[in-house]
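Notes for the one structure printed next.
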Amino acid sequence: MREKPFSKYQVMSNLIMIIWTVLIILPFILLLMSSITEENTLVANGYSFFPKKFSIAAYTYIFQSGDKIIKSYGISILVTVVGTFVNVLLSAMMAYTLSVKKLPFRKALNFYVFFTMLFNGGIVPSYLLWSSLGVKDTLWAQLLPNFLVSAWNVMMIRTYFTTSIPESLYEAAEIDGATQFQIFRKIVLPLGKPILVTMGTFAGLTYWNDWTNGLYYITRNKDMYNVQNLLNQMVSNIQYLASSSNSNVTAAAASLPSTAIQMAIAFVAILPIMLIFPFFQKYYSKGLTLGGVKG
Numbered sequence: 001m002r003e004k005p006f007s008k009y010q011v012m013s014n015l016i017m018i019i020w021t022v023l024i025i026l027p028f029i030l031l032l033m034s035s036i037t038e039e040n041t042l043v044a045n046g047y048s049f050f051p052k053k054f055s056i057a058a059y060t061y062i063f064q065s066g067d068k069i070i071k072s073y074g075i076s077i078l079v080t081v082v083g084t085f086v087n088v089l090l091s092a093m094m095a096y097t098l099s100v101k102k103l104p105f106r107k108a109l110n111f112y113v114f115f116t117m118l119f120n121g122g123i124v125p126s127y128l129l130w131s132s133l134g135v136k137d138t139l140w141a142q143l144l145p146n147f148l149v150s151a152w153n154v155m156m157i158r159t160y161f162t163t164s165i166p167e168s169l170y171e172a173a174e175i176d177g178a179t180q181f182q183i184f185r186k187i188v189l190p191l192g193k194p195i196l197v198t199m200g201t202f203a204g205l206t207y208w209n210d211w212t213n214g215l216y217y218i219t220r221n222k223d224m225y226n227v228q229n230l231l232n233q234m235v236s237n238i239q240y241l242a243s244s245s246n247s248n249v250t251a252a253a254a255s256l257p258s259t260a261i262q263m264a265i266a267f268v269a270i271l272p273i274m275l276i277f278p279f280f281q282k283y284y285s286k287g288l289t290l291g292g293v294k295g
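Position 94, counted from 1, in the sequence shown is what this note's numbering calls 94; the numbers after and before it change by one each time, with no gaps.
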């Protein structure tokens with residue numbers, strides 16, 4: 001069969017998507033090129049895709065603390081993997097419960113979850129609560145506060161379960177004698193994979209990019225810093241050196257490629273996410289389309 005030629009609308013759509021993709025990729029390329037630009041060239045000429053002089057001094061400075069970088073990356077990876085898994089599991093369990101139409105007080109429980117999206121206790125009560133539970137200066141401080149369960153994730157997953165999984169499947173499973181846990185494990189989780197991976201992507205990005213938990217709850221044990229906290233500390237150290245009135249400190253600061261270091265720090269922080277995200281992109285796209293059930 002002869003294939004139809006592309007219409008002008010398809011060509012225009014493809015052209016727009018290509019332009020949009022290039023516009024998204026260009027800032028990351030500029031970030032990388034700025035991080036390997038010699039400091040004086042960067043200050044004199046500004047950011048450029050084609051710098052006149054290259055230098056890896058910024059990365060040399062960052063990886064001088066090699067052991068700390070490796071350990072902080074390990075903590076970030078561990079917290080992101082465990083936190084994402086627990087977040088998705090708890091959110092999915094709660095979402096499935098709220099999607100069951102025969103659940104007593106279902107509307108009230110849904111409203112309670114939705115209410116927490118609009119209002120929260122604030123930073124001070126949260127800090128007092130988690131501090132009283134003994135998470136300060138431990139790995140739990142990076143994992144538990146604020147991100148373990150997301151009301152937004154619960155509502156999105158609940159909507160997907162309600163609209164995309166036929167009620168007849170639940171009824172058939174109940175007739176066959178399946179328990180609620182069996183229905184959740186054998187029907188809901190496999191059919192809900194697109195939305196679960198999508199919400200897992202959101203949770204993973206939140207855990208990876210988080211630096212507030214380390215700022216609030218890790219005050220003495222710096223070994224518990226994740227990569228964001230460590231890189232943020234490097235930026236703070238550079239700013240302190242630059243603003244110090246001590247002549248020796250100022251001289252040390254002048255020898256540092258401070259602008260390039262900040263670009264390198266940003267690139268090091270986002271690199272793992274850039275490498276991993278494409279593998280989950282198909283689930284991410286499908287999960288955002290909370291389609292209806294075909295009859």
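All residues carry an ideal CB built from backbone N, CA and C; glycine is no exception.
Owing to the predicted nature of the structure, the values given are computational and were not obtained by experimental measurement.
Separation of I62 and A172 (C-alpha to C-alpha, rounded to the nearest whole angstrom) is 58 Å. DSSP places T37 within a strand segment (E or B) once states are collapsed to three. Straight across, the Cα-Cα distance linking G192 with Y170 is about 14 Å.
The C-beta distance from I165 to V188 rounds to 7 Å, short enough to fall under 8 Å. Nearest C-alpha to L129 among Y225, N146, N209: N146. Residue environment: T21 is assigned as exposed (fewer than 16 neighbouring CB atoms within 10 Å of its CB, all protein chains considered). Between V135 and Y217, the CB-CB gap stays under 8 Å. Excluding residues up to 5 positions away in sequence, R158, F161, T162 lie with their Cβ nearer than 7 Å to the Cβ of S99 in the same chain. By the criterion of a C-beta distance shorter than 6 Å, E38 is surrounded in its chain by K53, S55, once the five residues flanking it on both sides are discounted.
In this chain, the alpha helix (DSSP H) harbouring Q142 covers 140–143. Annotated three-state conformation of F114 is helix, per DSSP. The Cβ-Cβ distance between V79 and L143 falls below 8 Å. Between the alpha carbons of I265 and L231 lies a gap of roughly 6 Å. For Y225, there is no enclosing alpha helix (DSSP H), as DSSP marks it with neither H nor E. Taking the Cα of N120 as reference, the smallest distance to any Cα among A151, L90, L133 is reached at A151. Its chain contains P51, K52, K53 as the residues whose beta carbon lies nearer than 7 Å to that of T41, once the 5 sequence neighbours on both sides are disregarded; these appear in chain order. With a cutoff of 8 Å on beta-carbon distance, T84 and G214 are scored as not near each other. Taking 8 Å as the upper bound for CB-CB distance, I270 and A58 are not in contact here, some 15 Å apart.
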